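In the working numbering, the protein residues as written are 731 to 856.
Cβ coordinates follow ideal geometry from the N, Cα and C atoms, glycine included.
Predicted, not measured: the structure shown is a model, and the values here were computed from it.
What follows is one structure encoded as structure tokens, with my remarks underneath.
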């Protein structure tokens with residue numbers, strides 16, 4: 731179209747995720763930079779949100795620190811649905827952790843481009 735000048739190169743992204751824990755690393759970096767955040771739990775059985783108190787926010791960095799590369803060797807079966815969601819809100823980004831059962835979660839940003847990080851909770855300390 732004449733007069734239309736769209737730079738399509740800015741919309742091109744690689745097709746594969748840079749690493750298996752890409753979104754986990756994004757959150758970890760934000761935590762290391764001491765960015766403030768809020769955590770909410772969304773109970774899918776009763777469709778209700780619960781705020782997590784600031785005193786309990788340590789669960790997030792402790793969880794991330796307890797993971798290793800083997801934890802990312804997991805898959806979510808198509809028929810599985812989350813039991814609840816943890817919503818992590820930074821000032822400019824929102825992340826979701828889907829909890830499918832006691833041993834399987836996934837993590838992704840609200841507006842992510844890549845596949846979610848799928849995490850096995852087996853051998854992760856409480």
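- Taking the C-beta atoms as reference points, residue 830 is found no nearer than 8 Å to residue 816.
- Per DSSP, the unbroken alpha helix (DSSP H) holding residue 755 starts and ends at 752-762.
- Cα atoms of residue 833 and residue 800: separation of roughly 13 Å, rounded to the nearest angstrom.
- Note: residue 801 is not bridge-paired with any residue in the DSSP secondary-structure output.
- Listed as beta-bridge partners of residue 850 by DSSP are 834.
- Remark: C-beta atoms of residue 780 and residue 820 do not approach each other more closely than 8 Å.
- DSSP places residue 774 in no beta strand (DSSP E); its state is neither H nor E.
- Rounded to the nearest whole angstrom, the C-alpha separation of residue 777 and residue 818 is 17 Å.
- Collapsing the DSSP output to three states places residue 816 in a strand.
- Contact annotation: residue 848 and residue 802 have beta-carbon atoms nearer than 8 Å.
- The three-state secondary structure of residue 839, taken from DSSP, is strand.
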